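Peer 1: Below you will find the structure I want to go over with you.
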Amino acid sequence: MDHVTLLVRRAVLDDVPRLARINVDTWRHAYAGMVPSAYLDGLDVHDFENRWRDRVTKDWPGVAAWVVEVDGLVAGYASVGPYRPQQDCDPDEDSQRCGELYALYTHPDLQGRGAGGAVHGAALTWLLEQGMRRAALWVLRDNEASRRWYADRGWRPDGTTSQWDDAEVLLVEVRLLRDLGSRSPPPPRLGGAAR
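Residues 2 to 196, numbered by the working numbering, are exactly what the sequence shown covers, in order.
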């Protein structure tokens, strides 16, 4: 692998067009064959720009978005914050001191250069600094490449599933959990049977 320079930093307004492009291109690449092609073809860069502009200009307590640059070009991002239970989860589970990796994407043209790992590490470190002791994320069950990538970084499924229906079909998501490396005793595990 050629030597690359990685820089991880917080997302800023100037990043918005690039982040929107990363979203659209990565979705079309990663979810081809899993998400209906009509849905992927209909993704609109301008819609993602509006979402990103909102994320970087408004105050979202406890939420952060990080970008990673590869040789000066924004290659990917991670967004994190407090855990958000899905509609299919046990309503009584204890999610105190649990953060969530909301999203992590690296542009398909820049994958394999360490960008994803760098922004992943920064995002989880930030969650730990916010007092979180565990983290969760949701990934499409059929997204085997992403599940392997997360498994290599210590994420494990807990058997909890949810259904995502934004793409006009029901797609099953699985929840992955990870300790954040605290020396203090971990909080109770998120629990409940899979639904």
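Backbone N, C-alpha and C fix where the C-beta goes; we use that ideal spot for every residue, glycine too.
Predicted model, so just to flag it, every value in this text is computed and none were measured.
So if DSSP puts Q164 in a beta bridge, which residue, or which two residues, is it bridged to?
Peer 2: As a position in the sequence shown, residue 164 is number 163, starting the count at 1. In the DSSP output, where bridge partners are listed per residue, Q164 has V173.
Peer 1: Looking at C-alpha atoms only, which residue of P109, L129, L74 and W53 is the closest neighbour of E101?
Peer 2: Start at 1 with the first residue of the sequence shown, and residue 101 comes out as number 100. Per the Cα distances, L129.
Peer 1: In three-state terms, what does DSSP make of V71?
Peer 2: Taking the first residue of the sequence shown as 1, we reach residue 71 at position 70. Three-state result, V71: strand.
Peer 1: Distance, Cα to Cα, T6 vs Q131?
Peer 2: By 1-based counting over the sequence shown, the position of residue 6 is 5. By 1-based counting over the sequence shown, the position of residue 131 is 130. C-alpha separation (whole angstroms): 28 angstroms.
Peer 1: With L178 and R135 assumed to form a contact (beta carbons below 8 angstroms), what rounded beta-carbon distance in angstroms separates them?
Peer 2: Along the sequence shown, one-based indexing puts residue 178 at 177. Along the sequence shown, one-based indexing puts residue 135 at 134. Rounded, the Cβ-Cβ distance is 6 angstroms, consistent with contact.
Peer 1: Could you name each continuous alpha helix (DSSP H) segment of 4 residues or more that falls completely within the region 6 to 46, going from the start of the chain to the end?
Peer 2: Look at the region 6 to 46 and you find these whole runs of alpha helix (DSSP H), each 4 residues long or longer: 17 to 31 and 38 to 42.
Peer 1: Just list the residues that DSSP pairs D110 with in beta bridges.
Peer 2: Within the sequence shown, the letter at position 109 stands for residue 110. For D110, which the question treats as bridged, DSSP gives no partner whatsoever.
Peer 1: Looking at C-beta atoms only, is the number of pairs between the region 48 to 64 and the region 18 to 26 that lie closer than 8 angstroms three or more?
Peer 2: yes
Peer 1: With distances taken Cα to Cα, identify the nearest neighbour of E174 among L181, G182 and S163.
Peer 2: Here residue 174 corresponds to residue number 173 of the sequence shown, with the count starting at 1. Among L181, G182 and S163, the Cα nearest to that of E174 belongs to S163.
Peer 1: Please list the terminal residues of the continuous beta strand (DSSP E) segment that includes R135.
Peer 2: By 1-based counting over the sequence shown, the position of residue 135 is 134. That run of the beta strand (DSSP E) goes R135 to L141.
Peer 1: Might you give, ordered along the chain, the residues of its own chain that have their beta carbon closer than 7 angstroms to the beta carbon of R85, omitting 5 neighbours on each side?
Peer 2: Your numbering for residue 85 matches position 84 in the sequence shown. Hits under 7 angstroms: E101.
Peer 1: Put V81 into one of helix, strand or coil per three-state DSSP.
Peer 2: Along the sequence shown, one-based indexing puts residue 81 at 80. Residue state, collapsed to three classes: strand.
Peer 1: So, at 6 angstroms on beta carbons, what are the nonlocal neighbours of D143 in its own chain, with the 5 sequence-adjacent residues on each side left out?
Peer 2: Counting from 1 along the sequence shown, the entry for residue 143 is found at position 142. Around D143, the same chain offers M35 as residues with beta carbons nearer than 6 angstroms, after the five sequence neighbours per side are excluded.
Peer 1: Taking only three categories from DSSP, how would you classify R52?
Peer 2: Stepping through the sequence shown from its first residue, residue 52 is reached at position 51. Correct three-state label for R52: helix.
Peer 1: Leaving out five residues before and five after L8 in sequence, what residues of the same chain have Cβ atoms less than 6 angstroms from its Cβ?
Peer 2: Sequence index remark: in the sequence shown, residue 8 carries index 7 (1-based). Cβ neighbours of L8 beyond the five flanking positions: E70.
Peer 1: How would you label G1, buried or exposed, when you count the other beta carbons within 10 angstroms and need 16 or more for buried?
Peer 2: Because the chain spans 2 through 196 in this model, residue 1 falls outside it and cannot be assessed.
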